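Notes for the one structure printed next.
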């Protein structure tokens, strides 16, 4: 039997994080996997004392052991990583499963050890715990699906030697209704740049420093709108559920950028683009919007090779790049996004790799 873990959360959020995981679950069901639900009513551990945190880890250990006890030799179990209801003992449970002849497949969405290791707000012990939890869990797996070759290289450099494959890009499932609305949308007549996602100053400080010689269409949560000082070239469109967003995004290009600067992607979130597959890339492509991406991002070569956008070193490069882009070049990019939209909306990339495992 083929199973996958469903981790139940207590509340819904307007973020692509839940959309990405939900899409994976839907694709796995279509491929014949059976769900195993995990839920814990434990409060956030960050505010617990050390003793309570240890008890919480033991509590989760018992929950995992009970839930995974249904697995038999020859079965496979699919995890999405990071694990939400984690336990420092989980990797030991996985090791025992492997000894029983159970295959453990892990799809990596994010690596906190890369994204947060430079955060000054985390203590040394917090950083150490994250690294131990992540690497020990991954080493106990049978097969890792990494987002791209750069994440794979990072793991190999950390002496993780188990079998790996590369997803290439995350899928983005949409309904027939949304698909029809995408087809009905007219391409913006102006060179407007879409920015979608978490628009908080903590994660996306660059949004509040955007060049004034370009038009930007913003979509997302946590945007601090100041109509008195906000430039006329910026239009905030509010936030939408991830399932509905492709139907309303409107612009000539979608921007993939992160961090605190418009000159380069820097800081923990900015540099993380060198390793991860931002879900907003999939959002733009399923919306049939070509991409503008940082030239050092992990997905930059994918964008160029497939002729679905262009790369930049700085946000100040965009205007000149747009001036040098011919109508024919844009037409090719736009046509190629239609192909990718069809693939992503049907779960093409995850289906392809799990069928080969």
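Residue numbers (the working numbering): 1255 to 1611.
Glycine included, C-beta positions come from ideal geometry on N, C-alpha and C.
Values in this document were obtained by computation on a predicted structure and should not be read as measured data.
Inter-stretch contact (C-beta, 8 Å, three-pair minimum) for the stretch 1397-1410 and the stretch 1510-1524: no
Whole-angstrom distance between residue 1325 and residue 1337, CA atom to CA atom: The sequence position of residue 1337 within the chain shown is 83, counting from 1. The sequence position of residue 1325 within the chain shown is 71, counting from 1. So the alpha carbons of these two residues sit roughly 19 Å apart.
Residue 1594 vs residue 1539 beta-carbon contact at 7 Å: Working through the chain shown from its first residue, we reach residue 1594 at position 340. Working through the chain shown from its first residue, we reach residue 1539 at position 285. Yes.
Touch test, the stretch 1404-1423 against the stretch 1547-1557, Cβ-Cβ under 8 Å, three pairs minimum: yes
Residues bridged to residue 1361 [DSSP beta-bridge criterion]: Taking the chain shown and counting its residues from 1, one reaches residue 1361 at position 107. DSSP output for residue 1361 lists 1334 and 1399 as bridge partner(s).
Where residue 1471 falls: helix, strand or coil (DSSP): Taking the chain shown and counting its residues from 1, the one referred to as residue 1471 is at position 217. Of the three classes helix, strand and coil, the one that applies to residue 1471 here is strand, per DSSP.
Beta-carbon proximity of residue 1360 to residue 1335, cut-off 7 Å: On the chain shown, residue 1360 is found 106 positions in, with the first residue counted as 1. On the chain shown, residue 1335 is found 81 positions in, with the first residue counted as 1. Yes, these two residues count as a Cβ contact at 7 Å.
Assigned secondary structure, residue 1439 (DSSP; H/G/I helix, E/B strand, else coil): Here residue 1439 refers to the residue found at position 185 of the chain shown. Here residue 1439 sits in coil by DSSP.
Environment of residue 1258 [buried if 16+ CB atoms lie within 10 Å]: As a working mapping, residue 1258 is identified with position 4 in the chain shown. Counting Cβ neighbours within 10 Å, residue 1258 comes out buried, since at least 16 surround it.
Proximity below 7 Å, CB of residue 1541 to CB of residue 1503: What you label residue 1541 is simply residue 287 of the chain shown in a count that begins at 1. What you label residue 1503 is simply residue 249 of the chain shown in a count that begins at 1. Yes; because the gap between Cβ atoms is below 7 Å, this pair is in contact.
Whole-angstrom distance between residue 1283 and residue 1328, CA atom to CA atom: The residue labelled residue 1328 in the question sits at position 74 within the chain shown. The residue labelled residue 1283 in the question sits at position 29 within the chain shown. Near 19 Å, if we compare the C-alpha coordinates of residue 1283 and residue 1328.
Minimum C-alpha distance to residue 1552 - residue among 1279, 1388 and 1406: Mapped onto the chain shown, residue 1552 falls at position 298. Minimum Cα distance to residue 1552 is reached at 1406.
Identity of the residues DSSP links to residue 1289 by a beta bridge: Sequence index remark: in the chain shown, residue 1289 carries index 35 (1-based). DSSP output for residue 1289 lists 1258 as bridge partner(s).
Member of 1463, 1499, 1466 and 1578 whose CA lies at the smallest distance from the CA of residue 1474: Stepping through the chain shown from its first residue, residue 1474 is reached at position 220. Taking only the C-alpha atoms, the option nearest residue 1474 is 1499.
Best match in 1409, 1402 and 1519 for proximity to residue 1391 [C-alpha to C-alpha]: Stepping through the chain shown from its first residue, residue 1391 is reached at position 137. For the residues 1409, 1402 and 1519, the minimum Cα distance to residue 1391 belongs to 1409.
Run of the alpha helix (DSSP H) containing residue 1499, from where it starts to where it stops: Here residue 1499 refers to the residue found at position 245 of the chain shown. Where residue 1499 is concerned, the enclosing alpha helix (DSSP H) stretches over 1499-1502.
Validate contact between the stretch 1374-1384 and the stretch 1348-1359 using beta carbons, cut 8 Å, 3 pairs: no
Anticipated Cβ contact below 8 Å, residue 1274 with residue 1363, distance rounded: Translated into the one-based positions of the chain shown, residue 1274 becomes position 20. Translated into the one-based positions of the chain shown, residue 1363 becomes position 109. That pair is a contact at about 6 Å.
Sequence-distant residues of its chain with Cβ nearer than 7 Å to residue 1477 (five each side left out): Numbered from 1 along the chain shown, position 223 holds the residue referred to as residue 1477. Excluding residues within five positions, the ones whose Cβ falls inside 7 Å are 1453 and 1490.
As assigned by DSSP and simplified to three states, the class of residue 1391: Translated into positions along the chain shown, residue 1391 becomes position 137. Looking at residue 1391 - three-state DSSP - the assignment turns out to be helix.
Residue from 1611, 1605 and 1610 whose Cα sits closest to the Cα of residue 1278: Taking the chain shown and counting its residues from 1, the one referred to as residue 1278 is at position 24. For residue 1278, the nearest C-alpha among the options comes from 1605.
Proximity of residue 1543 and residue 1565 at Cβ, strictly below 7 Å: Looking up residue 1543 in the chain shown gives position 289. Looking up residue 1565 in the chain shown gives position 311. Against a cut-off of 7 Å, the Cβ pair of residue 1565 and residue 1543 comes out as no contact.
Integer Cβ distance of residue 1563 from residue 1507, believed to fall under 8 Å: Here the question's residue 1563 lines up with position 309 in the chain shown. Here the question's residue 1507 lines up with position 253 in the chain shown. About 7 Å; that satisfies the 8 Å criterion.
Assigned exposure category for residue 1613 - 16 Cβ within 10 Å defines buried: Residue 1613 lies beyond the range of the chain shown here (1255 to 1611); nothing can be said about it.
Span separating the alpha-carbon of residue 1267 from that of residue 1289: The residue given as residue 1267 occupies position 13 in the chain shown. The residue given as residue 1289 occupies position 35 in the chain shown. Unreliable positioning characterises residue 1267 in this predicted model, as indicated by a pLDDT of 41, which lies under 50. A coordinate reading is not provided.
Inter-residue Cα distance where the pair is residue 1434 and residue 1347: Residue numbering aside, residue 1434 sits at position 180 when the chain shown is read from its first letter. Residue numbering aside, residue 1347 sits at position 93 when the chain shown is read from its first letter. Whole-angstrom Cα-Cα distance: 46 Å.
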